[in-house]
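*Asks:* Protein chains in written order, with this note's numbering: chain A, 10 to 144; chain B, 10 to 144.
Ideal placement from N, C-alpha and C gives every residue a C-beta, glycine not left out.
Nothing here was measured: the structure is a model prediction, and the numbers come from that model.
Sharing a structure, written as structure tokens. Questions coming.
Protein chains: 2
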Amino acid sequence: MNIGEAARASGVSAKMIRYYESIGLVPAAARTNSGYRTYGNTEVQILRFIRRGRDLGFPVETIAALLALWRDRSRQSSDVKRLALDHVADLERKIAEMQAMASTLRHLAETCAGDGRPDCPILDDLGSSPAKACH
Amino acid sequence: MNIGEAARASGVSAKMIRYYESIGLVPAAARTNSGYRTYGNTEVQILRFIRRGRDLGFPVETIAALLALWRDRSRQSSDVKRLALDHVADLERKIAEMQAMASTLRHLAETCAGDGRPDCPILDDLGSSPAKACH
DNA sequence: TCTTGACCTTCCCATCATTGGAAACCTTAT
DNA sequence: ATAAGGTTTCCAATGATGGGAAGGTCAAGA
Chain A
10 MNIGEAARAS GVSAKMIRYY ESIGLVPAAA RTNSGYRTYG NTEVQILRFI
60 RRGRDLGFPV ETIAALLALW RDRSRQSSDV KRLALDHVAD LERKIAEMQA
110 MASTLRHLAE TCAGDGRPDC PILDDLGSSP AKACH
Chain B
10 MNIGEAARAS GVSAKMIRYY ESIGLVPAAA RTNSGYRTYG NTEVQILRFI
60 RRGRDLGFPV ETIAALLALW RDRSRQSSDV KRLALDHVAD LERKIAEMQA
110 MASTLRHLAE TCAGDGRPDC PILDDLGSSP AKACH
């Protein structure tokens with residue numbers, strides 16, 4: 010299987026496959042006589058693993074750790090669980106931040122007339138000092 | 010006011026002030042004879058505006074649009090409101106995505122024994138096809 | 001007046017994950 | 001034989017920021 014087919018099968022672009030190889034996230038692929046990379050089902054499965062992890066928001070570094078656990082037959086599932094829960098906590102922190110932002114903006118937008126008048130609390134608020142952000 | 014003092018007063022690092030100038034987000038600052046940038050209260054207020062916008066998660070591009078509206082005496086507050094609400098919609102989309110990720114991960118972590126046994130649904134799921142992500 | 005230390009300048013590099021392009025090579029079908 | 005399309009490597013850029021080097025400037029103290 011050439012890199013393009015592997016890309017289609019895994020959902021990881023050929024560019025990214027080469028990149029993952031260059032940073033050592035995946036081992037160097039086998040080559041044909043003419044230098045083409047070749048992939049088998051195992052490699053595609055690994056790429057799919059990586060892609061799923063990226064979709065779930067794992068940084069590549071964390072995926073590398075998960076991959077190591079995946080490959081390691083003596084892996085402890087508690088390690089995997091901890092990584093996953095750490096990531097959940099991360100996500101929750103970010104979600105809370107974004108919800109705070111959204112609520113501030115919604116509040117400001119409500120107060121904003123939205124007609125042609127130039128009085129807009131959003132701009133006023135953005136220009137004010139940080140402490141006064143939400144009153 | 011030198012750049013350092015302006016940085017302290019606005020909460021934007023000197024590095025970023027120079028960067029914002031280089032990308033044209035703020036006009037080039039006045040200079041002393043010896044080449045030092047100088048800032049007044051207006052400039053600091055603009056920098057604070059930018060900083061508040063960044064804190065609220067606006068991309069620099071959007072801030073540029075807001076700044077233009079801010080400077081424009083004939084601004085329509087409806088334009089500002091639309092920008093803000095667009096951004097709220099963006100935030101809500103991202104929040105939903107992250108909540109989906111978190112819920113998948115939580116579900117997987119629950120199913121994961123978390124003891125020393127090597128059976129871990131998280132890894133199995135990550136290796137499976139995308140469509141089967143959540144069952 | 002000279003020195004010292006804190007400040008400023010520009011320029012380059014690095015991050016992280018990803019995309020884009022260019023130039024050259026390979027494969028396959030017509 | 002040629003054209004199309006896949007592949008290779010390398011180089012550059014993104015966005016927002018941090019880090020650092022090399023050199024110029026300013027203010028205060030000896």
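Within the present structure, is the beta-carbon of A:T51 separated from the nearest heavy atom of the ligand GDP by less than 7 Å?
*Replies:* As far as ligands go, the structure on display features none, and thus does not contain the ligand GDP.
*Asks:* Our contact map puts B:M110 next to A:G66 with C-beta atoms below 8 Å; I'd like the distance itself, whole angstroms only.
*Replies:* Correct: roughly 5 Å between the Cβ atoms.
*Asks:* Counting contacts by CB-CB distance shorter than 8 Å, is B:G66 in contact with chain A?
*Replies:* Yes, its Cβ sits closer than 8 Å to a Cβ of chain A.
*Asks:* Could you tell me which whole alpha helix (DSSP H) segments of length 4 or greater appear in the stretch 39 to 86 of chain A?
*Replies:* Counting whole runs of 4 or more residues, the stretch 39 to 86 of chain A contains the alpha helix (DSSP H) stretches 50 to 64, 69 to 80.
*Asks:* What does the Cβ neighbour count give for A:K24, buried or exposed, with the cut at 16 atoms within 10 Å?
*Replies:* Exposed: under 16 other Cβ atoms inside 10 Å.
*Asks:* My output table needs one value for A:N32: the three-state DSSP class, helix, strand or coil.
*Replies:* In the sequence under discussion, the amino acid at residue 32 of chain A is Ile, which differs from the Asn named in the question. In this structure, A:I32 counts as coil in the three-state DSSP scheme.
*Asks:* How would you call B:T113, buried or exposed, if buried means at least 16 neighbouring beta carbons within 10 angstroms?
*Replies:* B:T113 is buried by the Cβ-count criterion.
*Asks:* Give the residues of chain A in contact with B:E148, contact being defined as C-beta atoms less than 9 Å apart.
*Replies:* Chain B is shown only over 10 to 144; residue 148 of chain B falls outside these bounds and no answer can be derived.
*Asks:* Report yes or no: do three or more beta-carbon pairs, one from the stretch 42 to 52 of chain A and one from the stretch 62 to 77 of chain A, lie closer than 8 Å?
*Replies:* The answer is no - the stretch 62 to 77 of chain A does not touch the stretch 42 to 52 of chain A, with fewer than three Cβ pairs under 8 Å.
*Asks:* When we look at the beta-carbon of A:I55 and count the other beta-carbons within 10 Å, is it buried (16 or more) or exposed?
*Replies:* That one is buried.
*Asks:* Take the Cβ of B:R61 as the centre, count every other Cβ of all protein chains shown within 10 Å, and call the residue buried at 16 or more, exposed below.
*Replies:* Its Cβ being crowded by 16 or more others within 10 Å, B:R61 is buried.
*Asks:* Answer yes or no: does any C-beta atom of chain B fall closer than 8 Å to that of A:R27?
*Replies:* No, because no Cβ of chain B sits closer than 8 Å to the Cβ of A:R27.
*Asks:* Around the Cβ of B:E119, are there at least 16 other Cβ atoms within 10 angstroms (buried) or fewer (exposed)?
*Replies:* That one is exposed.
*Asks:* Check each candidate in A:Y29, A:N42, A:A98, A:L94 and name the one with the smallest Cα separation from A:F58.
*Replies:* Here the closest residue by C-alpha is A:Y29.
*Asks:* At which residues does the alpha helix (DSSP H) containing B:S19 begin and terminate?
*Replies:* B:S19 -> alpha helix (DSSP H) spans 12 to 19.
*Asks:* Hey, A:A15 and A:V69 are a contact pair by Cβ (cut 8 Å); roughly how many whole angstroms apart?
*Replies:* Contact doesn't hold; Cβ gap of about 18 Å is too wide.
*Asks:* Run down chain A in chain order and give the residues with a C-beta less than 9 Å from the C-beta of B:R115.
*Replies:* Those within 9 Å of B:R115 in chain A are A93, L94, V97.
*Asks:* For A:I12, I'd like the list of residues in its chain whose CB is within less than 8 Å of its CB, leaving aside the five on either flank, ordered along the chain.
*Replies:* Within the same chain, A:I12 has close Cβ partners A23, I26, R27, A38, Y45, R46, Y48.
*Asks:* Going by other Cβ atoms of all chains shown within 10 Å of its Cβ, with 16 needed for buried, is A:A105 buried or exposed?
*Replies:* It is exposed - the Cβ of A:A105 has fewer than 16 other Cβ atoms within 10 Å.
*Asks:* Using beta carbons (cut-off 8 Å, strictly below), is B:K90 in contact with chain A?
*Replies:* By this cut-off, B:K90 is an interface position.
*Asks:* Along chain B, in chain order, which residues have C-beta atoms closer than 9 Å to that of A:M107?
*Replies:* Residues of chain B passing the Cβ test: G66, L100, E101, K103, I104, M107.
*Asks:* If you measure from the beta carbon of B:M110 to each beta carbon in chain A, is any gap under 8 Å?
*Replies:* Yes - at least one Cβ of chain A is within 8 Å of the one on B:M110.
*Asks:* Would you report the Cα separation of A:K90 and A:H96, rounded to the nearest angstrom?
*Replies:* Approximately 10 Å, taken between the alpha carbons.
*Asks:* Taking Cβ-Cβ distances shorter than 8 Å, what residues in chain B pair up with A:P37?
*Replies:* For clarity, residue 37 of chain A is Ala in the given sequence; the question names Pro instead. Neighbours of A:A37 on chain B: none; closest Cβ ~21 Å, over 8 Å.
*Asks:* Give the single residue among B:H116, B:L94, B:E101 whose Cα lies nearest to the Cα of A:H116.
*Replies:* Closest by alpha carbon: B:L94.
*Asks:* Rounded to the nearest angstrom, how far is the Cβ of B:L100 from that of A:M107, given a contact under 8 Å?
*Replies:* About 5 Å separates the two Cβ atoms, so the contact holds.
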